[in-house]
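Engineer:
Protein chains: 2
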Amino acid sequence: MYSTLKSTTLFASAGDDDIAAIAPLASFRDYEEGSLLFCQDHAAETIFILVEGMVKLVSLRPDGSQITLRTVLSKEPFGALGAVRADAHYPATAEAMKRSKVIAIRSDEFRLLLLERPHLAQGLLGVITRYVREMQERFQEMVVAPVPRRIARALVRLAAQCATEAEGQKVVTLPFTRQDLAEIVGTTLYSVSRTIAEWERQGIVSTGRKRITVTNMELIKSLAQERD
Amino acid sequence: MYSTLKSTTLFASAGDDDIAAIAPLASFRDYEEGSLLFCQDHAAETIFILVEGMVKLVSLRPDGSQITLRTVLSKEPFGALGAVRADAHYPATAEAMKRSKVIAIRSDEFRLLLLERPHLAQGLLGVITRYVREMQERFQEMVVAPVPRRIARALVRLAAQCATEAEGQKVVTLPFTRQDLAEIVGTTLYSVSRTIAEWERQGIVSTGRKRITVTNMELIKSLAQERD
DNA sequence: CGTGCGTTTGAGTGACTTCAAATCGTGTGG
DNA sequence: CCACACGATTTGAAGTCACTCAAACGCACG
Numbered sequence: 001m002y003s004t005l006k007s008t009t010l011f012a013s014a015g016d017d018d019i020a021a022i023a024p025l026a027s028f029r030d031y032e033e034g035s036l037l038f039c040q041d042h043a044a045e046t047i048f049i050l051v052e053g054m055v056k057l058v059s060l061r062p063d064g065s066q067i068t069l070r071t072v073l074s075k076e077p078f079g080a081l082g083a084v085r086a087d088a089h090y091p092a093t094a095e096a097m098k099r100s101k102v103i104a105i106r107s108d109e110f111r112l113l114l115l116e117r118p119h120l121a122q123g124l125l126g127v128i129t130r131y132v133r134e135m136q137e138r139f140q141e142m143v144v145a146p147v148p149r150r151i152a153r154a155l156v157r158l159a160a161q162c163a164t165e166a167e168g169q170k171v172v173t174l175p176f177t178r179q180d181l182a183e184i185v186g187t188t189l190y191s192v193s194r195t196i197a198e199w200e201r202q203g204i205v206s207t208g209r210k211r212i213t214v215t216n217m218e219l220i221k222s223l224a225q226e227r228d
Numbered sequence: 229m230y231s232t233l234k235s236t237t238l239f240a241s242a243g244d245d246d247i248a249a250i251a252p253l254a255s256f257r258d259y260e261e262g263s264l265l266f267c268q269d270h271a272a273e274t275i276f277i278l279v280e281g282m283v284k285l286v287s288l289r290p291d292g293s294q295i296t297l298r299t300v301l302s303k304e305p306f307g308a309l310g311a312v313r314a315d316a317h318y319p320a321t322a323e324a325m326k327r328s329k330v331i332a333i334r335s336d337e338f339r340l341l342l343l344e345r346p347h348l349a350q351g352l353l354g355v356i357t358r359y360v361r362e363m364q365e366r367f368q369e370m371v372v373a374p375v376p377r378r379i380a381r382a383l384v385r386l387a388a389q390c391a392t393e394a395e396g397q398k399v400v401t402l403p404f405t406r407q408d409l410a411e412i413v414g415t416t417l418y419s420v421s422r423t424i425a426e427w428e429r430q431g432i433v434s435t436g437r438k439r440i441t442v443t444n445m446e447l448i449k450s451l452a453q454e455r456d
């Protein structure tokens with residue numbers, strides 16, 4: 001548990017004594033594919049760190065459709081906003097996309113530690129700040145970028161996240177359905193299908209059921225850029 | 229200066245000793261309408277707190293168009309992400325929309341204080357967390373909501389911010405051009421003009437040059453809702 | 001009384017969505 | 001081991017929302 005905690009982005013700047021203080025609050029949990037780790041608007045009682053698997057944070061809309069706010073792949077924390085304020089509620093629902101293993105930490109006790117241990121607060125600030133920057137970037141994309149560019153950007157971002165796990169190889173396979181991607185970039189599965197089919201004809205990607213393999217990362221990256 | 233700092237959202241949870249530690253790092257600055265407080269991608273050397281006036285945080289796009297990430301009205305801090313990491317750069321450009329007065333704090337020295345004074349870190353976490361939630365909400369709007377609803381939401385949000393200053397009155401006047409609003413909701417000034425003109429015909433708002441007055445806040449709020 | 005910026009309005013276009021239906025691939029039960 | 005069933009994907013056709021471009025208008029300031 002010690003070394004697992006130490007290797008996460010949240011506790012990268014923490015000292016051994018900080019880790020020792022956290023460890024008693026933390027426990028491992030496993031989730032089946034499709035199960036929910038927490039639900040939107042429920043009290044944010046625990047914060048999570050993904051150890052293994054894949055989790056998506058989705059926002060359910062009144063009309064039944066859903067938007068994926070974030071895809072958690074590496075050893076990133078999630079549901080961490082609840083550690084800041086005492087009466088916080090989860091702003092989204094967390095769903096396991098595969099069998100996943102997580103570390104769960106009680107947020108109320110963690111919050112108390114934040115006041116005593118500045119390095120923990122530092123780590124949390126770092127994690128949240130990085131998230132803010134990513135959100136701002138995606139926000140801008142949503143507003144101005146056409147659908148194909150949004151998809152390209154999503155692929156680049158997801159490939160980079162996956163590559164953290166499987167050290168930077170040229171060809172990256174992403175285990176997402178067209179529907180998954182549609183919820184990430186805010187479009188329909190039809191538009192995703194048409195766009196990806198076109199790219200497959202051009203040899204930029206190869207696809208399959210629940211799978212998209214980027215074979216020419218450079219080209220995808222250029223499609224993700226502003227200019228044409 | 230002491231009481232001014234104490235009244236801001238960033239230092240609401242700070243003790244008198246915290247304020248005393250901050251005060252030497254802080255100074256007042258004034259900006260003319262249209263002047264830039266900081267520029268995108270420059271080193272984030274100082275964090276700001278708006279005391280008086282109005283500031284917008286805009287992201288400039290390669291094609292020349294711009295998107296307003298945030299409109300700062302009340303005694304909110306901005307440019308505060310730079311306080312977290314040493315080598316941070318501003319993710320956006322800050323422009324004064326009116327003559328404005330701000331408090332400027334050197335971010336490198338502030339960062340050191342964060343490690344010694346947990347209540348300051350607490351305050352910063354609170355501010356950033358609130359911002360994350362707002363961004364997530366706007367992010368979702370962008371993806372799924374049609375333009376008129378996005379405009380309605382922007383008006384509701386901006387009116388609420390203004391109302392913090394001029395205690396909740398029924399009729400709120402917002403000093404924005406059609407272009408300003410277009411950059412906030414991510415559309416064109418033409419679409420804003422048409423939408424607002426329609427609302428004026430229905431008596432929901434009254435408009436003028438660089439001015440939009442919400443006369444029926446309830447109706448605007450219902451337009452901002454998901455359902456029709 | 002001009003000049004310029006902010007605003008209005010029209011017409012045309014294009015990107016994306018929506019709905020419908022067919023097809024493909026995979027896993028499962030007989 | 002094969003056939004079926006369901007989920008995932010493809011493709012077509014129609015419709016619409018909002019953008020783009022162009023031009024005119026009008027308020028406010030010098």
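The listed protein sequences correspond, in order, to chains A and B.
With the first letter of the first sequence counted as 1, position 106 gets the number 106 in the numbering used here; the numbers rise by one all the way through.
Add 228 to the 1-based position in the second sequence for the numbering used here, that's all there is to it.
Glycine included, each C-beta is placed from N, C-alpha and C at the ideal position.
Taking three-plus beta-carbon pairs below 8 Å as touching, is the segment 88-103 of chain A in contact with the segment 43-59 of chain A?
Structural biologist: Counting Cβ pairs under 8 Å, three or more are found: they touch.
Engineer: If the criterion is Cβ atoms closer than 8 Å, does the pair T401 (chain B) and P305 (chain B) meet it?
Structural biologist: For T401 (chain B) and P305 (chain B), no; Cβs fall outside 8 Å.
Engineer: Give the interface partners of E454 (chain B) over in chain A, defined as CB-CB distance under 9 Å, in chain order.
Structural biologist: Neighbours of E454 (chain B) on chain A, chain order: R61, P62 and D63.
Engineer: CA-CA distance, G34 (chain A) and K98 (chain A)?
Structural biologist: So the two alpha carbons sit approximately 7 Å from each other.
Engineer: Looking at C-alpha atoms only, which residue of B:L348, B:I333, B:E323 and B:L352 is the closest neighbour of I295 (chain B)?
Structural biologist: The option with the nearest alpha carbon to I295 (chain B) is B:E323.
Engineer: How is the beta strand (DSSP E) around Q66 (chain A) delimited, first residue to last?
Structural biologist: From DSSP, the beta strand (DSSP E) with Q66 (chain A) extends over Q66 to V72.
Engineer: Specify whether the segment 128-137 of chain A and the segment 192-203 of chain A touch according to this definition: at least 3 beta carbon pairs, one from each stretch, less than 8 Å apart.
Structural biologist: No, the segment 128-137 of chain A does not touch the segment 192-203 of chain A.
Engineer: Does chain B have any CB closer than 8 Å to the CB of T129 (chain A)?
Structural biologist: Chain B contact via Cβ: present.
Engineer: Which word fits E411 (chain B), buried or exposed, when buried means at least 16 other C-beta atoms lie within 10 angstroms of its C-beta?
Structural biologist: Per the 10 Å Cβ criterion, buried.
Engineer: Against G79 (chain A), what residues of chain B qualify as contacts under a CB-to-CB distance less than 9 Å, listed in chain order?
Structural biologist: Going along chain B, no residue has its Cβ under 9 Å from G79 (chain A), so there is no contact; the nearest lies around 12 Å.
Engineer: For H119 (chain A), which of helix, strand or coil comes out of DSSP?
Structural biologist: Helix, per DSSP.
Engineer: Round the Cβ separation of A23 (chain A) and G123 (chain A) to the nearest angstrom and send it over; I've been treating them as touching at under 8 Å.
Structural biologist: In fact, because the Cβ distance is near 15 Å, the residues do not count as touching under 8 Å.
Engineer: Sorted by chain position, which residues of the same chain lie with C-beta nearer than 7 Å to L158 (chain A)'s C-beta, five sequence neighbours on each side aside?
Structural biologist: Around L158 (chain A): T71 and L174.
Engineer: Helix, strand or coil for A86 (chain A)? Go by DSSP, reduced to three states.
Structural biologist: Correct three-state label for A86 (chain A): coil.
Engineer: So that I know if they touch, is there some Cβ in chain A lying closer than 8 Å to that of P376 (chain B)?
Structural biologist: With 8 Å as the cut-off, P376 (chain B) does not count as an interface residue toward chain A.
Engineer: Any C-beta of chain A sitting closer than 8 Å to the C-beta of R406 (chain B)?
Structural biologist: Chain A contact via Cβ: absent.
Engineer: Between V214 (chain A) and V156 (chain A), what straight-line distance do the alpha-carbon atoms span, to the nearest angstrom?
Structural biologist: Rounded to the nearest angstrom, the two C-alpha atoms are 9 Å apart.
Engineer: Evaluate R150 (chain A) with the Cβ neighbour count: other Cβ atoms within 10 Å of its Cβ, from every protein chain shown; 16 or more gives buried, anything less gives exposed.
Structural biologist: Buried: at least 16 other Cβ atoms inside 10 Å.
Engineer: For V143 (chain A) versus M370 (chain B), is the C-beta distance shorter than 8 Å?
Structural biologist: Yes, they are a contact pair.
Engineer: So if I threshold CB-CB distances at 9 Å, which residues from the segment 186-203 of chain A count as touching chain B?
Structural biologist: Cβ contacts with chain B: G186 and T187.
Engineer: For chain B, is any of its Cβ atoms less than 8 Å away from the one on P24 (chain A)?
Structural biologist: It does not; no Cβ of chain B falls within 8 Å.
Engineer: Specify, as a first and last residue, the run of the beta strand (DSSP E) that R201 (chain A) falls within.
Structural biologist: Looking at the DSSP string, R201 (chain A) is not in any beta strand (DSSP E); the run it does join, the alpha helix (DSSP H), is L189 to R201.
Engineer: Would you mind stating whether R106 (chain A) and A86 (chain A) have Cβ atoms separated by less than 8 Å?
Structural biologist: Contact flag unset, no.
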